[in-house]
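Protein chains in written order, with our numbering: chain A, 1 to 312; chain B, 313 to 580. Using N, Cα and C, we set each Cβ at its ideal position, and we do this for glycine too. Input: a single structure, listed below in structure tokens.
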Amino acid sequence: MFSSSRMLGGLRDFAFVLIAAMTVLFFLLRLTGDPALVIAGEGASPAQIEAIRVEYGFDRSLIVQYGQTMLRLLQGDFGKSLTDGSPALGKVLASLPATLFLAAMALSLNLLISLPLGAWLGQKRTGAARRAVRGVLTVMQGFPGFVIALLLINLFAAGLEWLPSIGYGGPATWVLPVISVVSFLAPKLIRVVEANTHAALAADFVRTARSTGASENQVLWRHVLPNALLGAVALIGAELAFMLTGLVVIETIFAWPGIGWLLVQSTLNLDFPVVQAVVFVMVVSVFLSNAVTEAVQALLDPRIRSRARAAS
Amino acid sequence: MSRSLSPAIVGAGVVGLFCLAVMIFGDTLSGHDHRAIDLSMRLAAPLAPGHLLGTDELGRDVLARLLNGMRWSVGSALCATLIAFCIGTTFGLAAAHKGAWLGGALKLLTTFTQSFPSFVMAVTVIALLGDSGFWAVTLTLGLVTWPVFSRVVYAEASSLFQREYVQAAEMTGMSVARLYAHHVLPALVPTLSVLVVFHFAEMIVAESALSFLGIGAPLGAATWGAMLSEGRAFMLQAPWLTLGPAFAMVIIIVAAHSVGQHLRNLTR
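Shown next as structure tokens:
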């Protein structure tokens, strides 16, 4: 199903992006802050700072340090957190489940809402109910995710006191973060499913199916919806990749202990090894999510499969 | 699609004119200085005498602060969009016109920006530029987001350069400048105008998210993100402190979206 040359090309691109990300990150971080000052802590004498600089090798030239860092990364050694001395990669892997959990729940709920709603909207352009739903969606698209999160906390946690506002405990703490994420991802997906359903209904293959005597239900389930879903897979993949890197603000608002929150904390604390490990994990997870998206597309769409075969 | 103006586009026009007035006059429109502290009027509710949208915990006028934040956010988003547009369009056109390897580089770059967290990029670039001011944020936003434009321009222009009339123009020896001015750029205008408007809305969100996290705007500045962040402490006592900037942002974004939608319908 997957040609080996395509997979090799994908892996080569992945390796390049990973190396580029770690390189850019190294120089950006080193140019903005001095790790020796962070390790020494406040109130350290210049002599102590100098000693730390020599001990960690920060006194050597930036290029030499870059080479050493990359060599260590190659061996899987991400170093230790500058703030608490625990292994940097371990810290990231410990917060990864919280992010994956949030992403998985948001993705499932998003699909459960968007696919039927989008298909329903796409079947007709008229009707009061459909027009009302479209109006609501237009307004919802104007709400940034973190504003929704703040307003939800305002209403349900501070005002009505129904739900806890922050933290990561039982199901009650999941509700608000998941709703915040879904309510700004769903309108986009609904719109795409709607447009694709509408386009598929006007396509030649639907006319052919109807002329051979297929019932409206058969047309919808066998011909229209599969095509509408196909077009939505790319967006679902992009939304998944976004959730793995982009939930920085939402996780911060809800004090959700995922990698986005860890990224904010470690960046603001100049905890370089942890930032490096977070970015590494994010690049890997975006690559994996893109690969899965492409695999799903190929699985669902015979045209992509045959194009891939022709190209190899 | 009828040619008559929809209510949405009229509303967007009103919002646009209001934006323009705020860009010129700033917080003077509210009759208050956004920095003026009045401890006798702390946390006054909206519609209090002299304070249409109430005051914050230091008695500063919320409307004046909102208008000041609008100047900052809209100005920053406009300039960031312009920067992203210029870099992205140039790169996308160059890749589509001349080059196998530029196209490959563009694909890699897109993957790179998709997986490299923009938060880290923003924090470090702002720190590198040395001050947390208007241009540090604006430049960062523009420099981080331009691949959005290059990707779309590359896709559109690539198919354009395959068209017979463009190839014919190239073969008859039309100068590059004339080729672009007469055949390439006009064909890109519909897509680009829609993209610019939607990107502007994204930039409003991105700028506010940064200043919400305390990055970008100087400490204590009245920006929408900072107001949202400060208002969190008073959510129960004074919900207008968070509702004000939240709805200001939503109004601008919905207005931008309806302009974008209108442009899209016009060109279809």
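Listed by chain order, chain B residues near residue i by CB distance under 9 Å
i	result
residue 245 (chain A)	426, 427, 428, 429, 430 and 431
residue 277 (chain A)	Correct list: empty, because the minimum Cβ distance to chain B is about 12 Å.
residue 29 (chain A)	432 and 436
residue 230 (chain A)	Near residue 230 (chain A) there are no residues of chain B at all, since even the closest Cβ is about 19 Å away, more than 9 Å.
Residue from the options with nearest C-alpha to residue i
i	options	result
residue 185 (chain A)	A:37, A:41, A:241 and A:74	A:241
residue 562 (chain B)	A:266, A:147, A:61 and A:214	A:147
residue 368 (chain A)	B:426, B:483 and B:515	For residue 368 (chain A) there is no data in the structure shown, the boundaries of chain A being 1 and 312.
residue 523 (chain B)	A:163, A:105, A:249 and A:123	A:249
residue 559 (chain B)	B:318, B:379, B:398 and B:361	B:379
residue 20 (chain A)	A:276, A:306, A:292 and A:294	A:276
residue 100 (chain A)	A:278, A:284, A:258 and A:273	A:258
residue 409 (chain B)	B:514, B:465 and B:329	B:465
residue 448 (chain B)	B:372, B:544, B:323 and B:527	B:527
residue 267 (chain A)	B:482, B:429, B:546 and B:401	B:429
residue 342 (chain B)	B:545, B:482 and B:375	B:375
residue 372 (chain B)	B:348, B:381 and B:352	B:348
residue 29 (chain A)	A:112, A:190, A:69 and A:140	A:69
residue 140 (chain A)	A:179, A:116 and A:160	A:179
residue 151 (chain A)	A:31, A:34, A:255 and A:177	A:177
residue 172 (chain A)	A:156, A:182 and A:183	A:156
residue 547 (chain B)	A:34, A:203 and A:154	A:154
residue 32 (chain A)	A:279, A:292 and A:271	A:271
Proximal residues to residue i (C-beta, below 6 Å), its chain only, five neighbours per side dropped
i	result
residue 304 (chain A)	297 and 298
residue 463 (chain B)	422
residue 550 (chain B)	355
residue 194 (chain A)	118, 121 and 122
residue 575 (chain B)	505 and 506
residue 260 (chain B)	The structure shown does not extend to residue 260 (chain B), since chain B is modelled only from 313 to 580, so the question has no answer here.
residue 363 (chain B)	356 and 373
residue 457 (chain B)	396
Closer than 7 Å at the beta carbon, the chain B residues around residue i
i	result
residue 272 (chain A)	What residue 272 (chain A) touches in chain B: nothing, since even the nearest Cβ is about 11 Å away.
residue 142 (chain A)	562, 565, 566 and 569
residue 282 (chain A)	427 and 429
residue 286 (chain A)	426 and 427
residue 241 (chain A)	426
residue 208 (chain A)	None at all; the shortest Cβ gap to chain B is about 26 Å.
Listed by chain order, chain A residues near residue i by CB distance under 9 Å
i	result
residue 520 (chain B)	144, 146 and 147
residue 439 (chain B)	28, 31, 32 and 33
residue 540 (chain B)	146, 147 and 150
residue 517 (chain B)	144, 145, 146 and 147
residue 475 (chain B)	Under the 9 Å cutoff, chain A gives no residues; its nearest Cβ is about 23 Å from residue 475 (chain B).
Same chain, Cβ closer than 8 Å to residue i, five either side skipped, listed in chain order
i	result
residue 86 (chain A)	80
residue 269 (chain A)	38, 82 and 83
residue 107 (chain A)	236, 239, 240 and 243
residue 55 (chain A)	none
residue 300 (chain A)	226, 229, 230 and 233
residue 322 (chain B)	none
Neighbouring residues, chain A, relative to residue i (Cβ below 8 Å)
i	result
residue 420 (chain B)	13, 16, 17 and 20
Contact set between residue i and chain B, taken where Cβ atoms lie within less than 8 Å
i	result
residue 154 (chain A)	547, 551, 554 and 555
residue 83 (chain A)	Those do not exist, as residue 83 (chain A) stays about 17 Å from chain B at its closest Cβ, beyond 8 Å.
Own chain partners of residue i with C-beta closer than 7 Å, once the 5 adjacent residues on each side are dropped
i	result
residue 283 (chain A)	17, 18 and 21
residue 397 (chain B)	461 and 508
residue 73 (chain A)	22
residue 534 (chain B)	346, 377, 380 and 381
residue 313 (chain B)	Reliability fails at residue 313 (chain B), whose pLDDT of 45 lies under 50, so the model's placement of it is uncertain and the value that follows must be treated cautiously. 577.
residue 49 (chain A)	36, 37 and 40
residue 1 (chain A)	Because residue 1 (chain A) sits at a pLDDT of 47, beneath the cut-off of 50, its placement in the model cannot be relied upon, and the following sentence gives the value as read from the coordinates. The residues are 298 and 305.
residue 459 (chain B)	400, 421, 422 and 425
Chain A residues whose Cβ lies nearer than 7 Å to that of residue i
i	result
residue 524 (chain B)	146 and 249
residue 423 (chain B)	13 and 17
residue 558 (chain B)	147, 150 and 151
Heavy atom of the ligand SAH within 7 Å of residue i beta-carbon
i	result
residue 350 (chain B)	The ligand SAH is not among the ligands present in this structure, which contains no ligands whatsoever.
Legend entry - chain A contacts from the region 383 to 408 of chain B (Cβ-Cβ distance under 8 Å): none
Inset, instruction - Give a yes or no on contact between the region 491 to 499 of chain B and the region 430 to 447 of chain B, applying the rule of three or more CB pairs nearer than 8 Å. - result: no
Legend entry - Interface residues of the region 340 to 368 of chain B facing chain A [CB-CB below 9 Å]: none
Inset, instruction - Could you say if the region 555 to 570 of chain B and the region 139 to 155 of chain A meet the contact criterion of at least three C-beta pairs nearer than 8 Å? - result: yes
Legend entry - Stretch-stretch touch, CB-based, cutoff 8 Å, three pairs: the region 215 to 222 of chain A with the region 285 to 296 of chain A: no
Inset, instruction - Would you check if there are 3 or more beta carbon pairs closer than 8 Å linking the region 383 to 390 of chain B to the region 325 to 343 of chain B? - result: yes
Inset, instruction - Could you tell me whether the region 441 to 460 of chain B touches the region 37 to 55 of chain A, where touching means 3 or more Cβ pairs closer than 8 Å? - result: no
Legend entry - Any 3 or more C-beta pairs closer than 8 Å across the region 7 to 17 of chain A and the region 63 to 76 of chain A: no
Legend entry - Short-range partners of chain B found in the region 85 to 106 of chain A, where Cβ spacing is below 9 Å: none
Legend entry - Cβ-based contacts, 7 Å cut-off: residues of the region 446 to 473 of chain B near chain A: none
Legend entry - Members of the region 251 to 263 of chain A that neighbour chain B once the beta carbon cut-off is set at 7 Å: 252 and 263
Inset, instruction - Return the residues of the region 120 to 142 of chain A that lie within a Cβ-Cβ distance of less than 8 Å from chain B, sorted by chain order. - result: 138, 139, 141 and 142
Inset, instruction - Please name the residues in the region 64 to 82 of chain A whose beta-carbon is closer than 9 Å to at least one beta-carbon of chain B, in chain order. - result: none
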